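Line by line, the protein sequences are chains A and B.
Note that the first sequence covers residues 1478 to 1777 in this note's numbering.
Note that the second sequence covers residues 1478 to 1777 in this note's numbering.
Working notes for the structure below.
There are 2 protein chains.
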Amino acid sequence: MINITLKQLRYFEALARHGHFGRAAEACAISQPALSMQIKEMEDVLGATLFERGARQVRLTHFGEVAVERARDILRSADELGDLARASRERLVGRFRIGVIPTIAPYLLPKVIGNLKESYPELDIHVRETVTPKLIQELKEGRLDTAIVALPVSESSLEEIPLIQESFVLVRTAGEANLPLPNADSLKEMRLLLLEEGHCFRDQALSFCNLPSGPPREVLDASSLSTLVQMVSAGMGVTLIPEMAVPVETRSAPVSVSRFETPEPNRTIGMVWRRSSPLASQLTEIADIVRRSAEPMPHQ
Amino acid sequence: MINITLKQLRYFEALARHGHFGRAAEACAISQPALSMQIKEMEDVLGATLFERGARQVRLTHFGEVAVERARDILRSADELGDLARASRERLVGRFRIGVIPTIAPYLLPKVIGNLKESYPELDIHVRETVTPKLIQELKEGRLDTAIVALPVSESSLEEIPLIQESFVLVRTAGEANLPLPNADSLKEMRLLLLEEGHCFRDQALSFCNLPSGPPREVLDASSLSTLVQMVSAGMGVTLIPEMAVPVETRSAPVSVSRFETPEPNRTIGMVWRRSSPLASQLTEIADIVRRSAEPMPHQ
DNA sequence: TCGCTTCGATAAGTTTAGATTATGATCAAC
DNA sequence: GTTGATCATAATCTAAACTTATCGAAGCGA
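Structure follows, in structure tokens:
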């Protein structure tokens, strides 16, 4: 399809404004014949006359009058596209899709989202909460912009940066508060309640106890830390939870929380994104915000 | 000012639609490298990334998503400009400024405008009523599209086509109805009431009586045919009026109307427009409409 | 892990479109 | 009739855009 060009529209608008080929050409920084030819070309393509060439003046035809309004619309729109681009370079705007694993989301997200909205008011934040493999999948497919997960992820196409390191703590019934602290091996002998398969935290806990991950164990697997703690308070066993979950999960449950002796079991939480993501530079900024959102929590 | 081109926007839209350089290029009927280069150029000019090039797929960035909507707006607008042009070629649209002399306007215009609006419903008709020299002036300056005047105008830059020929009739008091018909010379001796200077009809009447046009005469000059007829009915003299004015002007006045013997005094009414007017072809159509509007009048 | 395939980027060369300068035609004004 | 202003046309040149050929990275199957 042969068509008009934006350049022609600019020339056209200038000629409509000046009503004079010479001066319009000067305004466009081109020669008068160049302008004449482009206007003629545009009239040919449109199949309609834009200007009535009088001996002493150049006037818009009726169609020209209608056309110049339309042309100004188009030119303004095109210029605004440039403005839009500039704006998008300076600050993060538009939709931002963030994925978080379930053992982090409830404790970290409220603060992260609050801080993000403060820093980027024009950001339209979407949250996806699911297990790491799904997040990674969606991330690689471009359905997420970033994900907050436990490191390492070890995907060559993904950039990963650590944010915080947090310990796991032991949750027992309130009555067991003063019992001696079990070590990794003695934990193996206790009724250790765990999350269902798929959660990385399940594997990390098992790993701490030197147990193989994989097949479900005899004890019922929970789908959330909250359930785990409730089951502990009901006397069904003990469990491990990450430090950041303590304030929320043990607030209303009659359980005791104990830290392990060093080396404490722990996990590294980090952010990952596609290396090819054009948001890369902004994502490091966002990582800072997430880090700041998480830092004060252990001390609160 | 360096800027994007409509072509780039079309390529961009195609790539956004297909998510694949090869297929988008095919859809645009260009080679894949050509598309790659134009997209790259566009990204450079905008200073923002439009697509995230994954190994196996091409995805819009957030900015790209915003941009493609804007691009579609622009492209649609540009296409509509073509539609607009096509529409304007087929039928007359927009503002249409018509000038008419005062000795025609009241009698012809109602019908002309009615018929014009019927034939060109989308026409925005503006009427200017004044004497011939002013109409010609405004016509040449492009402030009118056409004028209905008495011919000839004899302006080299104007096209003129005759529409109708109409006679002048004598208006006397009702009591004078049976008096013998004066000839041109005897009219000279009567108290002939005329329009004020500037009206071509005044000159035409004077010319019929073999009197010089120009200086005002002793009798008060009127500014409208209506006034003339009223003055006649008041016994102040006689007058000439064009045939088409008879039904309107003598309806409620006690006057008699008499036709002259051949050769009757008469005038040729025609339409004029700039030869350079791009409406030329439509103006001949309009001339037909005006002619049809005028024709039945002498017989009614 | 090693080809194999897919797909986008890059390079070199060709074509086309747009620009320039010079000139012509028209018309109004003197 | 001559002159000056103004837009169109012609001839030429340049720069942009396109083409074909090739490269390089990444996924995928054996």
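We put the beta carbon where it would ideally sit given N, CA and C, even for glycine.
Given the structure is predicted, the values throughout are model-derived calculations rather than measurements.
**Residue(s) in a DSSP beta bridge with leucine 1672 of chain A** = The partner list for leucine 1672 of chain A (beta bridge, DSSP) reads A:Ala1699.
**Message:** Under 7 Å, Cβ to Cβ, is there at least one residue of chain B near alanine 1562 of chain A?
**Reply:** Taking Cβ atoms only, chain B reaches closer than 7 Å to alanine 1562 of chain A, which makes this a yes.
**Request:** Would you verify that the beta carbon of glutamate 1490 of chain B is, or is not, closer than 7 Å to some beta carbon of chain A?
**Result:** no
**Request:** Quick one: give me the first and last residue of the alpha helix (DSSP H) that leucine 1558 of chain A is part of.
**Result:** 1539-1567
**Request:** Helix, strand or coil for methionine 1713 of chain A, going by three-state DSSP, please let me know.
**Result:** coil
**Request:** Could you name the residues of the same chain whose beta carbon sits closer than 8 Å to that of proline 1639 of chain B, not counting the 5 residues immediately before and after it, in chain order?
**Result:** Leu1628, Thr1745, Ile1746, Gly1747
**Prompt:** Using a C-beta cutoff of 7 Å, does proline 1598 of chain B count as contacting chain A?
**Reply:** Taking Cβ atoms only, chain A never reaches closer than 7 Å to proline 1598 of chain B, which makes this a no.
**Prompt:** Is it the case that the Cβ atoms of alanine 1682 of chain A and leucine 1671 of chain A are separated by a distance below 7 Å?
**Reply:** Cβ distance < 7 Å, so alanine 1682 of chain A and leucine 1671 of chain A count as in contact.
**Asked** So, are the CB atoms of phenylalanine 1528 of chain A and valine 1535 of chain A less than 7 Å apart?
**Response** yes
**Item:** chain B residues whose Cβ lies nearer than 8 Å to that of glutamate 1418 of chain A
**Value:** Since the first and last residues shown for chain A are 1478 and 1777, residue 1418 of chain A lies out of range.
**Prompt:** Is isoleucine 1641 of chain A helix, strand or coil when you go by DSSP?
**Reply:** strand
**Request:** Identify which residue in A:Leu1647, A:Val1577, A:Phe1498 has its Cα closest to the Cα of leucine 1512 of chain A.
**Result:** In this structure, A:Phe1498 is the residue among A:Leu1647, A:Val1577, A:Phe1498 with its C-alpha nearest to the C-alpha of leucine 1512 of chain A.
**Request:** Kindly indicate if chain A contains any beta-carbon less than 7 Å away from that of alanine 1555 of chain B.
**Result:** yes
**Request:** Quick one: grab the DSSP three-state call for leucine 1656 of chain A.
**Result:** In the structure shown, leucine 1656 of chain A sits in coil (DSSP, three-state: anything other than H, G, I, E or B).
**Request:** Please check the pair glutamate 1636 of chain B and valine 1749 of chain B, which I expect to be a contact at CB under 8 Å, by giving their CB distance rounded to whole angstroms.
**Result:** 7 Å
**Asked** Are three or more beta carbon pairs between the stretch 1611-1620 of chain A and the stretch 1644-1662 of chain A nearer than 8 Å?
**Response** no
**Request:** Pick helix, strand or coil for alanine 1506 of chain B, following the three-state DSSP scheme.
**Result:** Assigned with DSSP and collapsed to three states, alanine 1506 of chain B falls in coil, not helix or strand.
**Message:** Less than 7 Å between CB atoms is the rule here; does glutamate 1615 of chain B satisfy it with respect to chain A?
**Reply:** no
**Request:** Can you tell me which of B:Thr1761, B:Leu1760, B:Leu1756, B:Ala1771 puts its alpha carbon nearest to the alpha carbon of arginine 1530 of chain A?
**Result:** B:Leu1756
**Asked** Which of the three DSSP states, helix, strand or coil, is assigned to leucine 1600 of chain B?
**Response** strand
**Request:** Could you tell me how far apart the beta carbons of leucine 1492 of chain A and isoleucine 1516 of chain A are, in whole angstroms, since I believe they sit closer than 8 Å?
**Result:** At roughly 6 Å, the Cβ-Cβ gap stays under 8 Å, so leucine 1492 of chain A and isoleucine 1516 of chain A are in contact.
**Item:** Residue-level contact to chain B via CB, methionine 1774 of chain A, 7 Å cutoff
**Value:** Residue placement at methionine 1774 of chain A cannot be trusted, given a pLDDT of 48 that sits under 50; what the coordinates show is reported in the next sentence. False, the Cβ-Cβ gap to chain B never drops below 7 Å.
**Message:** Within 7 Å of any Cβ in chain A, is that where the Cβ of aspartate 1550 of chain B sits?
**Reply:** yes
**Message:** Check this for me: beta carbons of serine 1634 of chain A and arginine 1752 of chain A, under 7 Å apart or not?
**Reply:** yes
**Sequence-distant residues of its chain with Cβ nearer than 6 Å to threonine 1716 of chain A (five each side left out)** = Taking threonine 1716 of chain A as the centre and dropping the five residues before and after it, the same chain places the C-beta of Val1648, Leu1670, Leu1705, Val1709 closer than 6 Å to its C-beta, in chain order.
**Request:** Compare the C-alpha of alanine 1686 of chain B against each of B:His1495, B:Ser1701, B:Glu1666 and name the closest.
**Result:** A quick correction: the sequence has cysteine, not alanine, at residue 1686 of chain B. Looking at the Cα atoms, B:Glu1666 is the closest of the given residues.
**Asked** For the 8 Å Cβ check, are there 3 or more pairs between the stretch 1546-1553 of chain B and the stretch 1764-1773 of chain A?
**Response** Judged by Cβ distances under 8 Å, the stretch 1546-1553 of chain B makes no contact with the stretch 1764-1773 of chain A, as fewer than three pairs qualify.
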